[in-house]
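Under full-length UniProt numbering, the first residue of the sequence shown is numbered 1, with each subsequent residue one higher.
Every residue gets a Cβ at the ideal spot worked out from N, C-alpha and C, and that includes glycine.
Keep in mind the model is a prediction, meaning the values are calculated, not measured.
Here the structure comes first, spelled out in structure tokens, and everything after it is commentary.
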Amino acid sequence: MAWGIWAIISAVLLILEMLTVDFTFTMVAGGALAAAAVSAIGGNLVFQVITFVIVSAVLLFLVRPWARRHVNNSSAVESNVYAMSGQEAVSLTRIDRASGQIKINGEVWSAKTGSDPIEAGVNVVVTSVEGAQAIVVPA
1 MAWGIWAIIS AVLLILEMLT VDFTFTMVAG GALAAAAVSA IGGNLVFQVI
51 TFVIVSAVLL FLVRPWARRH VNNSSAVESN VYAMSGQEAV SLTRIDRASG
101 QIKINGEVWS AKTGSDPIEA GVNVVVTSVE GAQAIVVPA
């Protein structure tokens, strides 16, 4: 019957993993499943706990780093406003050192330039983003 307790522990850990998506609880759940298997074949509590600790540690230190690198690695590319740098846009209004508007990827953004004013309808390149304003230069 102890295998059932290990299975419940594993299920609870997998539910917790859904909240964190960090692969920590998944690895510990793997240890709990291994302990459930030892229990199912008749191993005593000491062997179950030893199996749980060893399998969890191996999974945490060997499998988890690999899984984090290969699954949903959003840290490899820039996103949100940081991905705008280097992209081309079109000026919708006159852009000067204080204000203006551009259209980039179908969205209208406030913009300013650090150089001479840019007239409406000119292709520009986003060099950076400061707050909610894109900093642009002529393309």
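Taken through DSSP and simplified to helix, strand or coil, Q87 comes out as coil. Around the C-beta of S115, fewer than 16 other C-beta atoms lie within 10 Å, and the residue is accordingly described as exposed.
Under DSSP, Q101 takes part in a beta bridge, and its partners are S110. Here S56 is not near L33, since their CB atoms are 8 Å or more apart. Of all alpha-carbon atoms in N123, G121, P117 and T113, the one lying nearest the alpha-carbon of V136 is that of T113. Straight through space, the alpha carbons of G42 and T26 are spaced by roughly 25 Å. Annotation: the continuous beta strand (DSSP E) that includes V129 extends over N123 to E130. Contact annotation: A120 and S99 have beta-carbon atoms that are not nearer than 8 Å. In the DSSP assignment, A134 falls within the beta strand (DSSP E) that extends over Q133 to P138. A Cβ-Cβ contact shorter than 8 Å links Q48 with W6.
In this structure, A2 lies near L45, with their beta-carbon atoms less than 8 Å apart. Taking all protein chains shown into account, I118 has 16 or more neighbouring C-beta atoms within 10 Å of its C-beta and is therefore buried. Our two residues, T24 and A139, have alpha carbons roughly 47 Å apart in a direct line. The residue among G31, A37, R69 and Q133 with its C-alpha nearest the C-alpha of I54 is G31.
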